[in-house]
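Under full-length UniProt numbering, think of the first position of the sequence shown as 1, with each following residue one higher.
A virtual CB, placed ideally from N, CA and C, is assigned to each residue, including glycine.
Below is one structure; the comments refer to it alone.
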Amino acid sequence: MPRRGENIYKRKDGRWEGRQLKIDGKYQYFYGKSYREVKDSIKSYQENGIKIKKEVKTLASASSLFEFWLDSDLVKRVKPSTYESYYHCVTKYIIPFYTSCNYYQLTEDTVSEFVKFMNDDNSISQSYKRKILAVYKTALREILKNNPDSIKLLNYIKFPKPEQNEVQVFTMKEQCLIEKAVLGCPDKRTLGIILCFYSGIRLGELCALKWCDFDFENETLFINRTVSRTKNFSDDDNKTLLLIGTPKSRTSSRKIPLPSFLIALFKEYYQRSGKETCYFMTGSEIPIDPRAFQKLYKKILKKAGVPDRKFHAIRHTFATRALELNVDIKTISDILGHSNVSITMNIYAHSLMEQKKIAIDRFNNMHLASMETGQYAVINSVNESQLSSKNADF
């Protein structure tokens, strides 16, 4: 079967076609009766003294270099969902910009021009501009790694300031309405919404949960996989695939303690319908599509009479409630599976400030002037002799 980035596909006439980048930046095409025949032809072409990667960096156009990085370097190193994200950035923004730019035009001016081009595009959010430029910098670093004189071009990539957008959070009243709607819903898959409110797990992590991930005895939940729908790069019909993979990052694999009431709720549900090898959301060995569950989530919001928000707002709500309960930021970061605490602090900076204000407001209780002494109430804890002695010094 074709793999992502191989540039091999089955034609409508039944034959197989493949292509390989040549040193002039153009493509060599190969045809055969089977996938294996085309793959072997490309391999033979590569092994006959054609040092593609080295030569292309001196003769190919810039757009071909980015395409080659996407198809040959990146595809082997990242998860399918990450590859799809990078693919979109490169094919929609980077390659079109460099379509008419030859490799020698990758200069300080052209790099700066691309950065300016991105920053001037008001149709793209600041956060997505930062993402595109991050992909651009990663690709450029790989393309230029054998050219020490040109690596300094990376210094000309300047990122726009991140947006200070306030995260979407459900109020306590809205959360209660949603939970009531879930508990009154005959479709028990909606229980996943309540689980997210009290664990902060991501949508893909929820859809990938199996009953064996629940430790009812120790009241914990183990997150070790995720479900995502991504483009099928080996299919010429632009179809998508439902993929089960590892979580977002190393720290995303984690154990989460669950409140006792959730354990009791899910234990009863498990005893009635669950098997350890089955998925929590479906009760079968096939996971639910995240897109299908989002539709179910929208129906619950409508039933509860709550304004529409993205599913990720539940994760933000969990973190906000935890801060309101004075849970320390490191613990929240660990539960959420963030790679470092700074990510958590940056996302929930507004909530942290609110908690700081509450803490400072407690000093108001010490700021009640005493009618007798004209001093702050806290000074009343000092005995009269000490107070008189201190006043005498003024």
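Here DSSP, grouped into helix, strand and coil, assigns Gln355 to helix.
Beta-bridge pairing by DSSP links Ser228 to Leu243.
Separation of Ser260 and Leu221 (C-alpha to C-alpha, rounded to the nearest whole angstrom) is 12 Å. By the CB criterion at 8 Å, Phe318 and Gly200 fall inside the cutoff.
Contact check for Thr226 against Pro247 passes: the beta carbons are separated by less than 8 Å.
Every alpha helix (DSSP H) of 4 residues or more that sits fully in the segment 138-189 is shown, in chain order, as 172-183. The Cβ atoms of Ser339 and Ser249 lie closer than 8 Å to each other. By the Cβ rule, the segment 70-85 does not count as touching the segment 116-126, because fewer than three pairs are nearer than 8 Å.
Between the segment 183-190 and the segment 201-215 there are fewer than three inter-stretch CB-CB distances shorter than 8 Å, so the stretches are not counted as touching. In this structure Gln175 is buried. Its beta-carbon is surrounded by 16 or more other beta-carbon atoms within 10 angstroms. Within the same chain, Val169 and Ser351 come within 6 Å of Thr320 by CB-CB distance, once the 5 residues on both sides are set aside. Across the structure, Ala313 and Lys303 are spaced so that their CA atoms are roughly 17 Å apart. The three-state reading of DSSP puts Phe216 in coil, since its state is none of H, G, I, E or B. Judged by pairs of C-beta atoms under 8 Å, the segment 146-163 touches the segment 128-136, as three or more such pairs exist. Going by DSSP, Ile194 is part of the alpha helix (DSSP H) stretching over Leu191 to Phe197.
Straight across, the Cα-Cα distance linking Ala322 with Glu354 is about 13 Å.
Contact between Phe293 and Leu203 holds: CB atoms are separated by about 7 Å, below the 8 Å threshold.
Glu17 is bridged by DSSP to Tyr9 and Tyr31.
Residue environment: Arg315 is assigned as buried (16 or more neighbouring CB atoms within 10 Å of its CB, all protein chains considered).
One thing to note: Phe216 has its Cβ within 8 Å of the Cβ of Lys267. By the CB criterion at 8 Å, Tyr35 and Arg15 fall outside the cutoff. Taking Ile194 as reference, the option from Leu262, Lys357, Lys173 and Ser44 with the minimal CA-CA separation is Leu262.
Around Ala181, the same chain offers Ile300, Lys303 and Ala304 as residues with beta carbons nearer than 6 Å, after the five sequence neighbours per side are excluded. In the same chain as Lys145, and ignoring 5 residues on each side of it, the C-beta atoms closer than 8 Å to its own belong to Ile151, in chain order. In the three-state DSSP reduction, Phe261 falls in the helix class (H, G or I).
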